[in-house]
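For the sequence shown, my numbering assigns the number 11 to the initial residue and increments by one for each residue that follows. Below is one structure, written out as structure tokens, with a few remarks after it.
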Amino acid sequence: MREQVLELGDGLFGVLTLPAERRPGSAVVVLLNAGLVHRAGPFRLSVQLARTLAEAGQAVLRFDLPGVGDAPLRGADAPAVVARILDALQARFGETGFVVGGICSAADLGWKVALADRRVRGLLLLDGFAARGGWFRVGQLQLLLRRPPRSWPGMLRRRAFAAAEISDDDLRDWPSPAAARAQMHELLARDVRVLALYTGGAAYFLHRRQFAATFGVAEREAGITFDYWPECDHLFMYGEDRARLLGTVRDWCARS
């Protein structure tokens, strides 16, 4: 395994992690920024993931989008920037497919890129979009029932009189539920493989049946790998959670 800096134009660059021997036919993985976090990822998660995948024979690029990390704020149309970077990778590796995505807003951007670019054949959604709906309410009720009954009146009062909160819906650029369903079916029809993993750090996802209700596809649908880890935090801070994630993504990429 070796790592090298890759010039991407317009002041952008990335770190390309290359395997000692690339697995034949493997997609190139492109890890996107999680919010305003540097290309190393939260607690260096992207570094660890890139090296894990390279050890399994996969090439991985991690880079900073315009205005994030070490990248200057120019050419800020993120999907167009990613498309240009896929062009550069294709010129280097020849005809190849790509896996795109990451955590939180990286999952959101990966979704947009996959819809716009048919070279994408894998989509990594870690705490990506989900609609609240009825199963979210069931999850809320389950959480309430785990609390001592004496705490219920106070919790309900606080909820009834609480000021309107800023939610993920306000902070993230999500499609409407109807659009998300249509888009998921479009991706699956193109044979795009999807790894959708939700953690206990996603306050908008409280029940595993939310996934099917959101996208109109079963969690065991062909092309879908889905799981819900309610015991895990959003940034995979703990070693056992991180090791589990790295193994899950590695095994999924080997099939993508």
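A virtual CB, placed ideally from N, CA and C, is assigned to each residue, including glycine.
Nearest in C-alpha terms to Phe225, of all of Gly132, Leu197, Arg252 and Leu154, is Leu197. DSSP, read as helix, strand or coil, puts Asp74 in coil. Between Gly143 and Leu216, the beta carbon gap of about 11 Å keeps them out of contact (Cβ cut-off 8 Å). Between the region 121 to 133 and the region 51 to 68, the count of Cβ pairs shorter than 8 Å is below three; the stretches do not touch. In terms of Cβ geometry, Val39 and Val109 form a close pair [threshold 8 Å]. Between the region 95 to 105 and the region 75 to 86, the count of C-beta pairs closer than 8 Å stays below three; the two stretches do not touch.
In chain order, Asp20, Gly21 and Pro76 place their CB closer than 7 Å to the CB of Arg84, counting only its own chain and leaving out the 5 sequence neighbours on each side. For Gly132, there is no enclosing alpha helix (DSSP H); the enclosing beta strand (DSSP E) has its first and last residue at Val130 to Leu136. Note on the region 180 to 227: whole beta strand (DSSP E) runs with a minimum of 3 residues are 203 to 209, in chain order. In the three-state scheme derived from DSSP, where H, G and I count as helix and E and B as strand, Glu31 is classed as coil. Nearest in C-alpha terms to Asp251, of all of Pro187, Asp127, Tyr208 and Ala117, is Tyr208. Listed in chain order, the alpha helix (DSSP H) elements of length 4 or more contained wholly in the region 83 to 111 are 88 to 103. The Cβ atoms of Thr235 and Leu205 lie closer than 8 Å to each other.
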